[in-house]
Amino acid sequence: MPRIVFFTIHSTTAWWKYLASQIDFADAVVLSDLRGDGDYSLVNDFNRFVRRADAAKAAIARFGDEGCADIILRCRVLRSIDRNLALRMIGGMAQAIEHAFDELAPELVMTFTIDRYVMDVMERTARERGIDLLEMTTSIIPDQVMFMRRGRPVWLREPSSEDIEAAVGQLCQEDFAPAYVRDATRFSRARFWRVFSYYAVRGAFFNLWRFLKRDPYNCHYMDALKRLKHKVRIRDVAVLRLLDPDWEKRLGEVPRQRRVFLGLQLFPEASMDYWLSSRDMLAHDDVVVRYCEVLGRAGYRIFVKDHPLQFGFRQRELFERLAGLPHVTLVPYDVPANLLIAKCAISLTFTGTIGFQAALAGLCSIATEPYYATERHFLHIRNVGEIDHLIDRLEQWHFPDDLARTRFEIMRHLASISVEGDYFGWRKFDPESEAARESAKSLVRSLNAHLPRFLKSYRSAA
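Per the numbering used here, numbering of the sequence shown is gapless, rising by one per residue and ending at 468.
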């Protein structure tokens, strides 16, 4: 029987193990990088290899200098620590994964979206062996999931017209918001300090815990450390006073065709670090400022709104740079994104969901490399050099004549890469709970229906 490996992360192992138990076409095992977790743990092998004198050389031997530089640049932990330690961790993890693959002999690996060097190394190692690695993430369509390869969507089905129309109806509601932001509505200064205090304590706890668990270089534990470059500091509370309470007045100062809604997204985040091909686009703050400078010089007013889940995590430097630009307005956190979409003609994001919602609303949606962006319906900026030509392309942009048809075509693509499944079923999943098992049924059906064609043995037979 073919073998599938599910790679779990913290707090999701019970869910993955239940899914593994329901796979009917293959033997599925759960692999983990936490001690005592899953069916097979990388911890002991990783710690053995990372302590070897040749660990850094092993990383370079497997991925080359350029490959290692790319792995470090894209991982929020590795780019904050000493390069030699980062190389040792890459080399140690690569050897641990190779050993696990030798033992488990997978034909397919599935995990969440790549968001750390461990999964990045795993994908590169699997690819070298001819093994497919699929990422699973939530779709914008409620109660559906998608499969991806390094952020690139995998076509799964030809949706019916009824499916497409139903999805259009759901996503075009005035109050639509993705499931992961619906409850983010309170943005007081007191909440900022609660968030700051919680993560300060959490960082201190995991700094101790990683040694108590005899796993000091575990990426999950290290990611909590407050000394990493992207972590919020006390002085970052200044972000709140930079927001403009008179943002609506600023809207009235320019015509709608000159209003740009720049929706920031979580950073660092998988959809930035691992979905963008061009490395120069990974300099998030510099790229955002460059966009605003180019648009501002051309007479556009840019309304910048932060992601609601970024509250308490945004460093002040970006907002201070933006506040200094005369054509930029920093919108408060509690302003709904849908309101700004309704009042602007242009949307600008990297890979965020706002770009999709904006296109559905008939805006010119500027995006980098999100899974939803079709060539015809989005204005693509794939590298920093293209930003300098943005104004010319905006002036040539044709807004949709038939918005209903445009929505249908955009949604056809999204529906073709989405299938039923409760992605968030891992939250507090209890395999003994009938309700929890029931919530997983739709995803189990999708896995059993669609995963077989990604197996090496299936492809060979075909």
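Quick reminder that beta carbons are idealized off the backbone N, C-alpha and C, glycines included.
1) How would you label isoleucine 308, buried or exposed, when you count the other beta carbons within 10 angstroms and need 16 or more for buried?
2) Using a threshold of 7 Å, state whether the C-beta atoms of arginine 2 and valine 245 are closer than that.
3) Assign threonine 335 to buried or exposed, taking buried as 16 or more other Cβ atoms, counted over all protein chains shown, within 10 Å of its Cβ.
4) Counting only the same chain and skipping the five closest in sequence on each side, list residues whose C-beta sits under 6 Å from that of valine 250.
5) Using 8 Å as the Cβ pair cut-off and three pairs as the minimum, do the region 92-103 and the region 229-243 touch?
6) Give me the Cα-Cα distance between glutamate 392 and serine 284, rounded to the nearest whole angstrom.
7) Apart from the five residues just before and just after methionine 116, which ones in its own chain have a Cβ nearer than 7 Å to its Cβ?
8) Any contact between the region 16-28 and the region 67-81? By contact I mean 3 or more CB pairs, one from each, below 8 Å.
9) Where aspartate 71 and glutamate 426 are concerned, what is the direct C-alpha to C-alpha distance, given to the nearest angstrom?
10) Using only CA atoms, which one of Ala100, Asn213, Glu375 and Phe317 lies nearest to serine 194?
11) Assign glutamine 263 to buried or exposed, taking buried as 16 or more other Cβ atoms, counted over all protein chains shown, within 10 Å of its Cβ.
12) Under 7 Å, do glycine 368 and leucine 400 count as touching if we go by C-beta distance?
13) Using a threshold of 7 Å, state whether the C-beta atoms of alanine 304 and isoleucine 372 are closer than that.
14) Is lysine 63 helix, strand or coil by DSSP?
15) I need the boundaries of the beta strand (DSSP E) containing valine 174, first residue and last residue.
16) Residues bridged to glycine 269 by DSSP?
17) List the endpoints of the continuous alpha helix (DSSP H) containing valine 300.
18) With distances taken between CB atoms, is the gap from glutamine 150 to serine 424 smaller than 7 Å?
19) When the Cα atoms are used, what is the spatial distance from leucine 354 to isoleucine 29?
20) Using 8 Å as the Cβ pair cut-off and three pairs as the minimum, do the region 34-41 and the region 223-240 touch?
21) Classify phenylalanine 204 as buried or exposed, calling it buried when 16 or more other Cβ atoms lie within 10 Å of its own Cβ.
22) Just curious, the beta strand (DSSP E) that methionine 417 is in, first and last residue?
23) So what's valine 11 in DSSP terms, helix, strand or just coil?
24) Where does arginine 54 sit, in a helix, a strand or coil, going by DSSP?
Per the coordinate set shown:
1) buried
2) Nothing in the structure corresponds to residue 2, since the chain is present only between 7 and 468.
3) buried
4) Correcting the residue type first, residue 250 is aspartate in the shown sequence and not valine. Hits under 6 Å: Thr335 and Leu336.
5) The region 92-103, when compared against the region 229-243, does not touch it at the 8 Å Cβ threshold.
6) 11 Å
7) Correct list, in chain order: Ile10, Phe12, Leu140 and Met142.
8) no
9) For aspartate 71 and glutamate 426, the distance between alpha carbons rounds to 41 Å.
10) Phe317
11) exposed
12) no
13) no
14) helix
15) Segment 167-177 is the alpha helix (DSSP H) holding valine 174; no beta strand (DSSP E) there.
16) Lys311
17) 290-303
18) yes
19) 41 Å
20) Flag = yes, the region 34-41 and the region 223-240 touch.
21) The question names phenylalanine, but residue 204 in the sequence shown is tyrosine. Result: exposed.
22) Careful: methionine 417 lies outside any beta strand (DSSP E), inside the alpha helix (DSSP H) at 409-422.
23) Three-state result, valine 11: strand.
24) DSSP places arginine 54 in the helix class (H, G or I) of the three-state scheme.
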